[in-house]
Every structure is written in C-alpha cells, then in structure tokens.
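Q:
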Amino acid sequence: MKHLLLLLLAGLLLPAAAWAQGTPAPAATPAAAPVPESAQEAILPSGVVAAPAKAAATAPVVNASRIAPAPETPAANPNAIKIKAEAAAGHLTVKTDNPGPTRVEVTDVGGRPVITHTMMNGQTAAVLNVSQLPAGAYIVHCTAYEKTGTRRVMIGQ
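Residue numbering for the sequence shown follows the UniProt record's numbering, beginning at 1 and increasing consecutively.
1) For Asn98, does the count of other Cβ atoms within 10 angstroms reach 16, so buried, or fall short, so exposed?
2) So what's Leu92 in DSSP terms, helix, strand or just coil?
3) Of all the options Ser131, Pro101 and Tyr138, which has the alpha carbon lying nearest to the alpha carbon of Asn121?
4) Please give the ranges of any beta strand (DSSP E) in the UniProt domain "Secretion system C-terminal sorting" (89-155), keeping only runs that are unbroken, at least 3 residues long and fully inside the region.
5) Would you call the CB atoms of Arg112 and Thr143 closer than 8 angstroms?
6) Shortest alpha-carbon distance to Gln157 belongs to which of Val114, Lys147, Met119 and Val130?
7) If we count the other Cβ atoms within 10 Å of its Cβ and call it buried at 16 or more, is Ala126 buried or exposed?
8) I'd like to confirm the pairing. Which residues does DSSP put opposite Glu86 in its beta bridges?
9) So, at 8 angstroms on beta carbons, what are the nonlocal neighbours of Ala80 in its own chain, with the 5 sequence-adjacent residues on each side left out?
10) I'd like the list of long-range same chain contacts for Trp86, defined as Cβ closer than 7 angstroms, with 5 residues on each side in sequence excluded.
11) Between the C-alpha atoms of Lys84 and Lys95, what's the straight-line distance to the nearest angstrom?
12) CB Glu41 to CB Val48, shorter than 8 angstroms?
13) What separation, rounded to the nearest whole angstrom, lies between the Cα atoms of Thr124 and Thr118?
14) Look at the alpha carbon of Ala137 and the alpha carbon of Ala89, and state the distance between them as a whole number of angstroms.
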C-alpha cells in the first residue's frame, strides 16, 4: 500500500517539478491530431457556412522588473498662501490662511501695482476699494515673510 501511495505522489510531483525547473514534463496523453479546416466550419440556421474566427494575437509578456514606477505627486509648497479674493460692487475682499502680517498687492495684467495694502492678520478679511480701477483682469499677490500666494480676479464684470 505504501509503495502504491509513493508511486501516485511521484506521478503527481514529477510534472510540477519539471514545470518549476522550466523543462517540459513528459506528456501523459498523446497529442490530439489537428482538426482539418473543413471540419471547423459551421452551418448557421440561415444556411450560411461560417468559417472560424482568426485567432487573436497574444499580448507580449512584459517583464515586471522593467516597468517604471509611477512618479510621485509633488508635495504641496510649504511656503504657499491660500488666497480667497472676491470682487463685487467696487470692492475687493481678500482673505488668506496666514495668521500674521500679510502684504497684499493688486497688479494689472502688465504687472504694474495699482493697490498695495498691509493686513495685520491675513485671516481677517481686508476690503479694498477698486471702484476707481477700469474693468478687467487683475492679479492679487500676497506676501508674508517667505510665504507667497497669487490669485487672478476679474474686477467690474
């Protein structure tokens, strides 16, 4: 009985060991004879003879060690200031996430400063009078020590 069990286990392990070593295992059954192409055709209920579909090309095997890792998302700039700037009815309201003194500079699209204001606390909203400025796009640039932030606003539209 022990000999029979050992023969059975050897018969099961031999193909697995050969596969693990990369050599083909001896075939247990003879290979099937190829089917002639005429026998692969089918007759549809409508009477049409349908040929078999062409075999799809297999996808190439990709070596996982040659796949480049995805780039990491860059860390947020620790010196950035978040700015909330809203223009309405001739007033521009500016508020930042900086708790200390913050310099606010409003420039036109040419980069020329049109309004400069210093807020003692950036978290307290500053209301700037922009009624004298022509309608258009402006840049709000806030600076607090080494931290900076920029926001584009439309005034008078």
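A virtual CB, placed ideally from N, CA and C, is assigned to each residue, including glycine. Quick caveat: nothing in here was measured; it's all calculated off a predicted structure.
A: Working from what's here:
1) Here residue 98 is taken as the residue at index 98 of the sequence shown, counted from 1. Buried, since its Cβ has 16 or more Cβ neighbours within 10 Å.
2) For this step, residue 92 is matched to residue 92 along the sequence shown. In this structure, Leu92 counts as strand in the three-state DSSP scheme.
3) Against the sequence shown, residue 121 aligns to sequence position 121. Among Ser131, Pro101 and Tyr138, the Cα nearest to that of Asn121 belongs to Pro101.
4) 91-96, 102-108, 113-119, 126-129, 136-144 and 147-155
5) Counting from 1 along the sequence shown, the entry for residue 112 is found at position 112. Counting from 1 along the sequence shown, the entry for residue 143 is found at position 143. Not in contact: Arg112 and Thr143 (Cβ atoms no closer than 8 angstroms).
6) Looking up residue 157 in the sequence shown gives position 157. Comparing Cα positions, the closest option is Val130.
7) For the purposes of this step, residue 126 is identified with residue 126 of the sequence shown, where counting begins at 1. Label assigned to Ala126: buried.
8) As a working mapping, residue 86 is identified with position 86 in the sequence shown. Beta-bridge pairing links Glu86 to Thr93.
9) The count along the sequence shown starts at 1 and reaches residue 80 at position 80. Cβ neighbours of Ala80 beyond the five flanking positions: Lys147, Thr148 and Gly149.
10) Counting from 1 along the sequence shown, the entry for residue 86 is found at position 86. Residue identity check: residue 86 is Glu in the sequence provided, not Trp. Answer for Glu86: Thr93, listed in chain order.
11) Here residue 84 corresponds to residue number 84 of the sequence shown, with the count starting at 1. Here residue 95 corresponds to residue number 95 of the sequence shown, with the count starting at 1. Taking the straight line from one Cα to the other gives about 5 angstroms.
12) On the sequence shown, position 41 is the one that residue 41 refers to. On the sequence shown, position 48 is the one that residue 48 refers to. It is not a contact, given that the beta carbons lie outside the stated cut-off.
13) Along the sequence shown, read from residue 1 onward, the residue named residue 124 stands at position 124. Along the sequence shown, read from residue 1 onward, the residue named residue 118 stands at position 118. Their Cα atoms are separated by approximately 12 angstroms.
14) Counting from 1 along the sequence shown, the entry for residue 137 is found at position 137. Counting from 1 along the sequence shown, the entry for residue 89 is found at position 89. Looking at the two C-alpha atoms, the distance is approximately 15 angstroms.
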